[in-house]
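Residue numbers (UniProt numbering), protein chains in the order written: chain A, 1 to 215; chain B, 1 to 215; chain C, 1 to 215; chain D, 1 to 215.
We treat Cβ as the ideally placed atom computed from N, Cα and C, and that holds for glycine.
In this text, all values refer to a predicted model and were calculated from it rather than measured experimentally.
The next block holds one structure in the form of structure tokens; read it before the comments.
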DNA sequence: AATGAATGAGCATTCATTCAT
DNA sequence: TATGAATGAATGCTCATTCAT
């Protein structure tokens, strides 16, 4: 079992590549790593494969990364933040179409990154990574929660639901519904999902009002 | 990488154990497998460890299972069905406390089985398994959906939401919210979560009425 | 670079072999390790070769030893003590023939063990081992020195030489002369070497007297 | 494992460096090689490290040397001869102080070169090198032996010892005593060692006489 | 049936050497 | 000439699986 308590998240590169060509190779390795992790799973992928998929020799992998794990970390660091949702201004938008668009974008982004499919496997054995991911999730959750609090002050959302639970629900529905439905062979209807999420937030009459305000 | 396209789901046991002692060993192996998969992850656990944790020799493992994978399959087969929710009769229960109880039980069951933590890792590389799980999920989904359809005929639920989406939402919220909140260090309040789920289903006034009917 | 500060000299076996066959395999591995270390040098020998020379699979090597290093340590531990010279009683023996016999035995033993040829290489990089060997050498040196001190009290050895230096000289001559001469293609004449060593210890007239006393 | 049976001892330089800069680089590489071989052992040192220690690129190493081995050879060739002891004129010197000085110088030189610490490792696997070293040792031995023979003709040394054995003893004591004593944590007293060596050569009364002759 | 020693293919990693720049 | 990134064969070690006892 490998030990890595004292490493930073991404750590030093074995040697910092300075030339253009180098950066290209590093990128190719990252991209190949991502593709293979998603395709076959983290554990099922090895450094040799990543290298050969990237069109470089095995040894080259180790010039740029100390480890399969470090490559994974680099991938995550780059991209976890990109998942932060934009701050909505509820009075200016049709919440349903706002959410529908947001959901679709979000899921496309998730799919592009793809790493969410390998995360569960990793979180189980890399508690350091688990922390990083938990922190990122908490950040997203906090932003949603704040949004909801503002909305409540404006009196435009249900007043009998616990906002913390609502925001976690929104997160989970955004992340997992498309995943589960796809897994089970169904198509995701982002509009319907948006409606469901809106129902968690807005009483139907308020929602109606908001829609009217825009036009 | 082992090939197993043509195998059945669980396959023949290398020899069908008919005697008590045998059955005990098989059970011990299953239990040890489950414990270790949950504790360390599927990939990180090996047959030798499972055997020694179960107090038998390595070779004995292979008398009862062809494979770590087959043991996993057996674990899943046994237990996926147990997750089917009971058919509720909405006119007889307070939906909120019904859901709260259901959720808590469900999550406790999930935790007892524990395997949901290893599933994502497996689904990625074992499409046969993925199908089994998808089927089980679809079964649960179908039952929830039917419930909702009955309720709609009774006119007691929102009439503008897509029932398919709603039932997926209920499933996902039941499965994932507790997981995510625990991962991120929050306590789950099953009552609040039940209220949120109820809001997806029942208009507040109907819910009020249902509660009154009981008493 | 491997870390092994906290290990004992030989350490735990990966698993203690209890059966006869096992012990035979372990012995075969030790013997093959010794033969190959001597033949090709420590660094030039790898676990796979040792295993195949011993007629077992690579993995079997690792059942009995954690490491090439551990095998080496086992070899040394067994045998360093065997090099302790017997305590001589100068009044009972002809020193020259005593030394001649001793030298020949000693060198044959060294050659049988053979490990002295690989030691210098190891001492350079394994300070823990270096300590063990230094300790063993000091033990031998101490015994020789004590012998000499007794002899000096009996007034039978040169009184103007530093006994510490003399005993180191005896050790070095015993160990290294045969080695160097062989390396350079000369035959060792143990009788002549014994005479030289005796000259370091006994004045010629005393030696004469000692020889007479015996007969 | 590289093959080099058909190479000459040192071989052609990949390109004969004629310019100053080149010679400086070559020297820097030699010096770095020596330093690292001594510090970490021959096997533990690689070309990349030598190059980087010498402040040049990896590839540059291979412009000047075909091999780590060739660099080693160059180091040895340069310096083995330097170990030749001067021809003493016994009638002009105090043998004890002559030897004491000689020993100290010799050991300092050995330490400066340092390579004697890596030699044993190399001799084992490079029989060509072993020959070179054996030849150098034989040369030194021959010179000592000749010295002793002259002295014997002058009747100033023990007449009952085998001169061949004595000269090997002198060599071994000169080379190894300081090494062993240092290894075992003792200080070397060159004067005492000189006295011991003198005892191997000169009868005490002759030595006394030689000392008197000088003053 | 049960055991656990033995197997050897497979993976992560290193490093001597080459070669495009 | 000089560079250092790239190469890929070789090494140490693991582990799923077999099989003699």
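- Query: Smallest Cα separation from residue 104/A: which of 175/A, 207/A and 29/A?
  - Reply: Translated into the one-based positions of the first chain, residue 104/A becomes position 104. Of the listed residues, the one whose Cα sits closest to residue 104/A is 175/A.
- Does the beta carbon of residue 166/B sit closer than 9 Å to a beta carbon anywhere in chain A? Counted from its first residue, the second chain places residue 166/B at position 166. Yes, residue 166/B counts as interfacial toward chain A.
- Between residue 187/D and the rest of its own chain, which residues show a CB-CB distance below 8 Å, the 5 nearest in sequence each way excluded? Locating residue 187/D in the fourth chain gives position 187, counting from the first residue. Answer for residue 187/D: 181, listed in chain order.
- Message: Please report whether the beta-carbon of residue 2/A lies at a distance below 9 Å from any beta-carbon of chain B.
- Response: To locate residue 2/A, count along the first chain from 1; it is residue 2. Here residue 2/A scores only 39 on pLDDT, less than 50, and its place in the model should not be relied on; the value that follows carries that caveat. No - not a single Cβ of chain B is within 9 Å of the one on residue 2/A.
- Message: So with CB distances below 8 Å, who are the chain D contacts of residue 134/C?
- Response: Stepping through the third chain from its first residue, residue 134/C is reached at position 134. Neighbours of residue 134/C in chain D, taken as residues at a C-beta separation under 8 Å, are given in chain order as 183, 184 and 185.
- Whose C-beta lies closer than 6 Å to the C-beta of residue 107/C among residues of the same chain, with five residues either side of it excluded? In the third chain, the residue the question calls residue 107/C occupies position 107. 178, listed in sequence order.
- Query: In chain order, what residues of the segment 37-49 of chain C put their CB closer than 9 Å to some CB of chain D?
  - Reply: 38, 39, 40, 41, 42, 43 and 44
- Task: Kindly give me the distance between the Cβ atoms of residue 75/C and residue 115/C, rounded to whole angstroms, as I take these residues to be in contact under 8 Å.
- Result: Along the third chain, read from residue 1 onward, the residue named residue 75/C stands at position 75. Along the third chain, read from residue 1 onward, the residue named residue 115/C stands at position 115. Indeed they touch by this definition, with Cβ atoms about 6 Å apart.
- Determine the DSSP secondary structure at residue 29/B, reduced to helix, strand or coil. As a working note, residue 29/B is residue 29 in the second chain. Of the three classes helix, strand and coil, the one that applies to residue 29/B here is helix, per DSSP.
- Check the Cβ of residue 162/B against every Cβ in chain A and list those closer than 8 Å, keeping chain order. Mapped onto the second chain, residue 162/B falls at position 162. Under the 8 Å cutoff, chain A gives 189, 192, 195 and 196.
- Which value, in whole angstroms, describes the spacing of the CA atoms of residue 206/C and residue 102/D? Looking up residue 206/C in the third chain gives position 206. Looking up residue 102/D in the fourth chain gives position 102. In a straight line, the C-alpha of residue 206/C is about 31 Å away from that of residue 102/D.
- Message: For residue 152/B, tell me which candidate among 66/B, 64/B and 201/B has the shortest Cα-Cα distance.
- Response: Working through the second chain from its first residue, we reach residue 152/B at position 152. Nearest Cα to residue 152/B within the set 66/B, 64/B and 201/B: 201/B.
- Classification of residue 124/B by the beta-carbon crowding that lies within 10 angstroms, buried from 16 upward: By one-based count along the second chain, residue 124/B stands at place 124. Per the 10 Å Cβ criterion, buried.
- Does DSSP put residue 175/C in a helix, a strand or coil? Taking the first residue of the third chain as 1, we reach residue 175/C at position 175. Residue 175/C sits in a helix when the DSSP states are folded into three classes.
- Compare the C-beta of residue 112/A with all C-beta atoms of chain B and state if any pair is closer than 9 Å. For the purposes of this step, residue 112/A is taken as residue 112 along the first chain, with counting starting at 1. It does not: the Cβ of residue 112/A has no partner Cβ on chain B nearer than 9 Å.
- Okay, do the segment 78-89 of chain B and the segment 51-63 of chain B touch, 3+ Cβ pairs below 8 Å being the bar? no
- Query: Okay, do the segment 140-147 of chain A and the segment 160-169 of chain A touch, 3+ Cβ pairs below 8 Å being the bar?
  - Reply: yes
- Task: Could you please tell me which residues of the segment 64-82 of chain B, in chain order, have their CB closer than 9 Å to any CB of chain A?
- Result: The residues in question: there are none.
- Query: Given that a residue counts as buried once 16 or more other Cβ atoms are within 10 Å of its Cβ, and exposed if not, what is residue 159/C?
  - Reply: Residue 159/C sits at position 159 when you count from the first residue of the third chain. Classification for residue 159/C: exposed.
- Message: Between the alpha carbons of residue 139/A and residue 132/A, how many angstroms are there, rounded?
- Response: Here residue 139/A refers to the residue found at position 139 when the first chain is read from its first residue. Here residue 132/A refers to the residue found at position 132 when the first chain is read from its first residue. Approximately 11 Å between the Cα atoms of the pair.
- Query: Expressed to the nearest angstrom, what Euclidean distance is found between the alpha-carbon atoms of residue 194/A and residue 95/A?
  - Reply: For this step, residue 194/A is matched to residue 194 along the first chain. For this step, residue 95/A is matched to residue 95 along the first chain. Taking the straight line from one Cα to the other gives about 8 Å.
- Message: Quick check on residue 221/A: does DSSP put it in helix, strand or coil?
- Response: Nothing can be reported for residue 221/A, as the shown portion of chain A is limited to 1 through 215.
- Residues of chain A with CB under 7 Å from residue 177/B, in chain order? Taking the first residue of the second chain as 1, we reach residue 177/B at position 177. Within 7 Å Cβ-Cβ: 168, 169 and 172.
- Query: Any residues in the segment 91-115 of chain D with a beta carbon nearer than 9 Å to a beta carbon of chain C? Which ones, in chain order?
  - Reply: Listed by position along the chain: nothing, the set is empty.
- Collapsed DSSP secondary structure at residue 164/C in the structure displayed: Along the third chain, one-based indexing puts residue 164/C at 164. Residue 164/C: helix per DSSP, three-state reduction.
- List, in order along the chain, the chain D residues whose C-beta lies closer than 8 Å to that of residue 149/C? Position 149 of the third chain, counted from the first residue, corresponds to residue 149/C. The contacting residues do not exist; residue 149/C stays about 16 Å from chain D at best.
- Task: Work out the CA separation of residue 121/D and residue 183/C for me, nearest whole Å.
- Result: Taking the first residue of the third chain as position 1, residue 183/C is located at position 183. Taking the first residue of the fourth chain as position 1, residue 121/D is located at position 121. The straight-line gap from Cα to Cα measures roughly 14 Å.
- Item | Backbone secondary structure at residue 42/A - three-state DSSP | Working through the first chain from its first residue, we reach residue 42/A at position 42. Residue 42/A: coil per DSSP, three-state reduction.
- Item | In chain order, each alpha helix (DSSP H) run of at least 4 residues that lies wholly inside the segment 58-92 of chain D | Here the runs fully enclosed are 58-64 and 68-80.
- Task: Can you grab the Cα-Cα spacing for the pair residue 190/D / residue 110/D, in whole Å?
- Result: The residue labelled residue 190/D in the question sits at position 190 within the fourth chain. The residue labelled residue 110/D in the question sits at position 110 within the fourth chain. One C-alpha to the other measures close to 15 Å.
- Within chain B, partners of residue 121/A - CB distance below 8 Å: Within the first chain, the letter at position 121 stands for residue 121/A. Result: 41, 43, 120, 121 and 124.
- Item | Buried versus exposed, by CB contacts within 10 Å (16 or more), residue 84/D | As a position in the fourth chain, residue 84/D is number 84, starting the count at 1. With fewer than 16 other beta carbons inside 10 angstroms of its own, residue 84/D counts as exposed.
- Message: Excluding the 5 residues flanking residue 211/D on each side, which residues of the same chain have their C-beta closer than 7 Å to its C-beta?
- Response: Along the fourth chain, one-based indexing puts residue 211/D at 211. These residues qualify, in order along the chain: 94.
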